[in-house]
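Okay, structure coming up:
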């Protein structure tokens, strides 16, 4: 069961490419501007990507005004012990998260590590999840409009020595006034597809 949860959390980030110039943790979550809260819902119930939270196919993110993520599904984003997503994390000079040690109520301390790589345009280009039993490496491609066009995830199980690849393409169907997408269609190469929606609120402009 824990291995399934590991995979689901890692695949969350497969759906989260950077959209524009980075601001704190917003780049890792495909957001820009003075975002206060984002509720990201995946409507493909029962597919491999279901698992944005323990009990539902959605993820709720709360941000500070400087772009740092404060809460992830009600739990603290970074805190040693307790109900936190990461027990510790590293950031670059732009304040972007570059690595994090996973720990939540559903994990054991030291259960795995996420790493994030960005390009010169401040877009997330690679996300890696790794623990003692498996690794998931996801790379992101972007269209001329700056939105993610596709992802490729290579999954390796160290215990069974089996590998698999998941390819997904994305089409943005709606954006808000700030330029963040609020609805998009995701489609796997095997033909299955699902719709993702986001409800985003912002801090008032100063």
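In this note's numbering, the protein residues as written are 4 to 209. Note that the Cβ used here is the ideal one computed from N, Cα and C, for glycine as well.
Beta-carbon spacing of residue i, residue j below 7 Å
i           : j           : result
residue 173 : residue 38  : no
residue 127 : residue 67  : no
residue 3   : residue 134 : Outside the shown range of the chain (4 to 209) lies residue 3, about which nothing can therefore be said.
residue 102 : residue 118 : yes
residue 45  : residue 164 : no
residue 202 : residue 42  : yes
Residue i to residue j span [Cα, whole Å]
i           : j           : result
residue 143 : residue 150 : 10 Å
residue 28  : residue 166 : 30 Å
residue 93  : residue 71  : 12 Å
residue 158 : residue 179 : 34 Å
residue 169 : residue 155 : 6 Å
residue 74  : residue 191 : 30 Å
residue 53  : residue 60  : Reliability of the predicted coordinates at residue 53 is poor, the pLDDT of 37 falling under 50, and the value obtained from them is presented with this limitation in mind. Between residue 53 and residue 60, the C-alpha separation is close to 5 Å.
residue 153 : residue 197 : 14 Å
residue 187 : residue 145 : 14 Å
N- and C-terminal bounds of the beta strand (DSSP E) containing residue i
i           : result
residue 188 : 184-191
residue 29  : Neither: residue 29 is in no beta strand (DSSP E) and is coded neither H nor E.
residue 40  : 38-45
residue 180 : Premise fails: residue 180 is in no beta strand (DSSP E) and is neither H nor E.
residue 164 : No beta strand (DSSP E) contains residue 164, which DSSP labels as neither H nor E.
residue 144 : 137-145
residue 196 : 196-205
residue 126 : No beta strand (DSSP E) holds residue 126; DSSP gives it neither H nor E.
For residue i, the three-state DSSP class (helix, strand or coil)
i           : result
residue 132 : strand
residue 156 : strand
residue 94  : strand
residue 117 : strand
residue 61  : strand
residue 78  : strand
Selected residue, minimal CA-CA separation from residue i, among the options
i           : options               : result
residue 141 : 147, 62, 171 and 35   : 171
residue 181 : 188, 161 and 207      : 207
residue 33  : 132, 78 and 175       : 175
residue 76  : 183, 40, 129 and 35   : 40
residue 136 : 125, 161, 124 and 129 : 161
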